[in-house]
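Here the sequence shown stands for residues 271 to 686, where the numbers follow my numbering. See below for the structure under consideration.
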Amino acid sequence: MDNGISVNGNRQKLVYQGFLVPFILVTSLFFLWGFAHGCIDVLNKHFQELLSMSKARSAFIQFVFYGGYFLMALPAGLLMQKVGYKKGIIFGLLLFACGAFLMFPATFIQTFGSFLFCLFIIACGLTCLETAANPYTTVLGPPEFAARRINFSQSFNGLGWIAGPLVGGMLIFSGSSNNNKFATIALPYMLIGILVLIVAVFFWRIKFPAVREESPEAENASGGSLKDLLKYPHFILAVVAQFLYVAAQTGINSFFINYVTEEIPSLSNQQASLILGFGGMGLFWLGRFTGSTVFMRIVRPNRLLAFYAVANVITMALVVAGLGWTSVVALFSTYFFMSVMFPTIFALGIKDLGPLTKKASSFLVMAIVGGAIIPVIMGYIADVSTMALGFIVPLICFAFIVYYGISGYRVRQAVS
271 MDNGISVNGN RQKLVYQGFL VPFILVTSLF FLWGFAHGCI DVLNKHFQEL
321 LSMSKARSAF IQFVFYGGYF LMALPAGLLM QKVGYKKGII FGLLLFACGA
371 FLMFPATFIQ TFGSFLFCLF IIACGLTCLE TAANPYTTVL GPPEFAARRI
421 NFSQSFNGLG WIAGPLVGGM LIFSGSSNNN KFATIALPYM LIGILVLIVA
471 VFFWRIKFPA VREESPEAEN ASGGSLKDLL KYPHFILAVV AQFLYVAAQT
521 GINSFFINYV TEEIPSLSNQ QASLILGFGG MGLFWLGRFT GSTVFMRIVR
571 PNRLLAFYAV ANVITMALVV AGLGWTSVVA LFSTYFFMSV MFPTIFALGI
621 KDLGPLTKKA SSFLVMAIVG GAIIPVIMGY IADVSTMALG FIVPLICFAF
671 IVYYGISGYR VRQAVS
């Protein structure tokens with residue numbers, strides 16, 4: 271990786287001297303939780319058929335998974351403050367692996383609740399990883415390149431989102447009997463559990479340099495409480511924007527296969543999962559990679575965020591219209607424009623918070639609970655009306671992100 275970039279004719283480091291190996295290791299975490307999220311989206315459709323449940327009930331997969339983020343976010347933030355980024359990451363990896371391996375006994379229990387429990391444990395582990403990894407990437411180099419660093423790392427998250435539906439679709443949708451179908455659920459999680467343990471060993475063995483998070487205003491914050499954070503409007507609006515972004519993304523992911531197979535009945539579930547993996551998630555990765563390596567060199571992050579959000583308002587309108595292949599193409603093109611939203615909102619939200627950064631990160635990760643709520647609403651709309659109409663919910667979410675990218679991102683003087 272070329273870790274230098276030219277700024278005003280001078281070559282500056284994207285990552286500080288001696289921080290490259292930790293940066294690479296932390297970036298690997300983004301792939302791991304992307305893979306886990308990608309598998310979740312395949313499970314949604316699988317359980318609808320395996321247990322003959324409604325779309326709204328199957329969305330409880332997302333409710334429990336993202337609910338785990340909500341419940342674990344603040345404890346994860348406190349853990350980071352107490353033990354630091356490295357130990358917090360190792361704890362998250364072990365929790366992640368534990369939930370993945372529990373999928374094996376769940377295939378013998380064969381109840382929806384047993385799988386939900388495993389997903390909840392996985393989500394708690396991922397919460398620790400995201401609470402640590404997202405802010406850690408922003409402080410491993412010059413502050414002016416924080417948004418580019420986190421977008422670069424998040425591009426590998428996009429690769430995980432590609433691999434998840436592809437591997438999950440091939441393994442989970444294989445088999446002919448119900449017993450086989452239950453058993454195939456465990457396979458991708460057993461593989462990821464082994465990989466997660468290997469990564470945990472690397473984190474345990476490699477020394478991580480200490481980093482300093484500073485800001486003149488935040489250094490004077492008394493106690494680092496929630497009250498201190500509420501003095502920063504750009505942070506508050508970032509939490510709202512992140513809530514709505516994750517809500518929109520999760521809703522789109524959850525019902526992508528449903529929408530595609532209903533708009534194009536000739537397509538099977540496995541074919542739809544391939545479209546999700548190669549089409550949707552492929553564009554998602556491409557968007558993150560080009561966003562961090564190309565577009566953010568020439569466009570300010572907030573402006574790119576606003577432009578992409580406008581594009582997604584348009585694509586969602588086409589999806590709601592239900593125009594067959596035109597709407598399907600619009601649906602998977604949405605992934606390109608969603609690509610930079612999470613890391614860019616995150617970087618803009620924690621800007622100039624200094625020692626409040628870890629606590630702020632907890633709330634931004636907690637905002638992921640949006641993914642627990644919106645799929646249930648979309649599922650209910652789909653059950654009483656049409657799947658296409660359910661996509662009006664993400665459209666509304668993207669409209670707020672347009673505002674955040676235009677105005678809400680601005681760092682204002684901390685108010686008393």
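In this text, a Cβ means the ideal position worked out from N, Cα and C, and glycines have one as well.
Exercise for the section: Could you tell me whether the Cβ atoms of A470 and I360 are closer together than 8 angstroms? Expected result: Their beta carbons are under 8 angstroms apart, which means A470 touches I360 by this criterion.
Practice task
Could you tell me the distance, in whole angstroms, from the CA atom of I568 to the CA atom of F415?
Solution key: Cα atoms of I568 and F415: separation of roughly 13 angstroms, rounded to the nearest angstrom.
Problem - C-alpha distance - G557 paired with V610, whole-angstrom precision - result: Approximately 7 angstroms, taken between the alpha carbons.
Exercise for the section: List the whole-angstrom C-beta distance separating I462 from L302, where the pair is believed to meet the contact cut-off of C-beta under 8 angstroms. Expected result: The distance from the Cβ of I462 to that of L302 is about 7 angstroms, consistent with a contact at the 8 angstroms cut-off.
Problem - Length of the line joining the Cα atoms of P479 and L593 - result: Take the alpha-carbon of P479 and the one of L593: they are about 53 angstroms apart.
Practice task
Label V285 either buried or exposed according to how many other C-beta atoms from any shown protein chain fall within 10 Å of its C-beta, with 16 as the threshold for buried.
Solution key: A residue is called buried once 16 or more other Cβ atoms fall within 10 Å of its Cβ, and V285 is buried on that count.
Handout entry: Sequence-distant residues of its chain with Cβ nearer than 7 angstroms to V312 (five each side left out)
Key = Correct list, in chain order: P435, G438, G439, I442, S543.
Practice task
Pick out whichever of V599, L574, S423, Q519 has its Cα sitting closest to the Cα of M648.
Solution key: Selected option, being the one with the closest Cα: Q519.
Handout entry: Length of the line joining the Cα atoms of S384 and G369
Key = Looking at the two C-alpha atoms, the distance is approximately 11 angstroms.
Exercise for the section: Output yes or no for whether 8 angstroms exceeds the beta carbon distance between F317 and S324. Expected result: No, Cβ-Cβ distance for F317 and S324 is not below 8 angstroms.
Problem - K501, DSSP secondary structure in three states - result: The three-state reading of DSSP puts K501 in coil, since its state is none of H, G, I, E or B.
Practice task
Check whether the region 666 to 679 touches the region 499 to 509, taking contact to mean three or more Cβ pairs, one atom from each stretch, closer than 8 angstroms.
Solution key: As far as the Cβ criterion goes, the region 666 to 679 touches the region 499 to 509, which means the pair count is three or higher.
Handout entry: Three-way DSSP call (helix, strand, coil) for K621 in this model
Key = When secondary structure is reduced to three states using DSSP, K621 falls in the coil class, being assigned neither helix nor strand.
Exercise for the section: Express the C-alpha separation of L410 and F289 in angstroms, rounding to a whole number. Expected result: Looking at the backbone, the Cα of F289 and that of L410 are separated by about 6 angstroms.
Practice task
Would you mind reading off the limits of the alpha helix (DSSP H) that contains R327?
Solution key: Residues 325 to 328.
Exercise for the section: Tell me, to the nearest whole angstrom, how far the beta carbon of Y336 is from that of V639; I am working on the premise that it is less than 8 angstroms. Expected result: Indeed they touch by this definition, with Cβ atoms about 5 angstroms apart.
Problem - Backbone CA spacing between L499 and M636 [nearest angstrom] - result: Those two C-alpha atoms are separated by around 15 angstroms.
Exercise for the section: Note down, in chain order, each residue of its chain lying with its Cβ closer than 7 angstroms to the Cβ of G304, except the 5 sequence neighbours on either side. Expected result: Here G304 has N427, G428, L429, G430, W431, G434 as same chain residues with Cβ atoms under 7 angstroms from its own Cβ, once five neighbours each way along the sequence are excluded.
Problem - Test item: CB-CB of R573 and G675 under 8 angstroms - result: Taking 8 angstroms as the Cβ cut-off, R573 and G675 qualify as a contacting pair.
Problem - Where K283 sits in the DSSP three-state scheme - result: DSSP places K283 in strand when its eight states are reduced to three.
Practice task
Reducing DSSP to helix, strand and coil, say where K477 ends up.
Solution key: K477 falls in the coil class under three-state DSSP.
Handout entry: Nearest-angstrom Cα separation, counted from Q540 out to F340
Key = C-alpha separation (whole angstroms): 31 angstroms.
Problem - F378 burial status per 10 Å Cβ neighbour count (16 or more: buried) - result: F378 comes out exposed.
Practice task
Express the C-alpha separation of W595 and K628 in angstroms, rounding to a whole number.
Solution key: Using only the alpha carbons, I get a separation of about 44 angstroms.
Practice task
Starting from the C-beta of L365, find all residues in its chain whose C-beta is less than 7 angstroms away, skip the five residues before and the five after it, and write them out in chain order.
Solution key: I391, C394, G395, C398, listed in sequence order.
Handout entry: Which listed residue (I643, P625, Y515, G641) has its alpha carbon closest to that of K352
Key = For K352, the nearest C-alpha among the options comes from P625.
Exercise for the section: Hey, could you find the ends of the alpha helix (DSSP H) F606 is sitting in? Expected result: For F606, the enclosing alpha helix (DSSP H) starts and ends at 595 to 608.
Exercise for the section: Using beta-carbon positions only, say whether P571 and A630 come within less than 8 angstroms of one another. Expected result: In this structure, P571 keeps its C-beta atom at 8 angstroms or more from the C-beta atom of A630.
Exercise for the section: Give the single residue among P664, S655, A658 whose Cα lies nearest to the Cα of F607. Expected result: The shortest C-alpha separation from F607 is found at P664.
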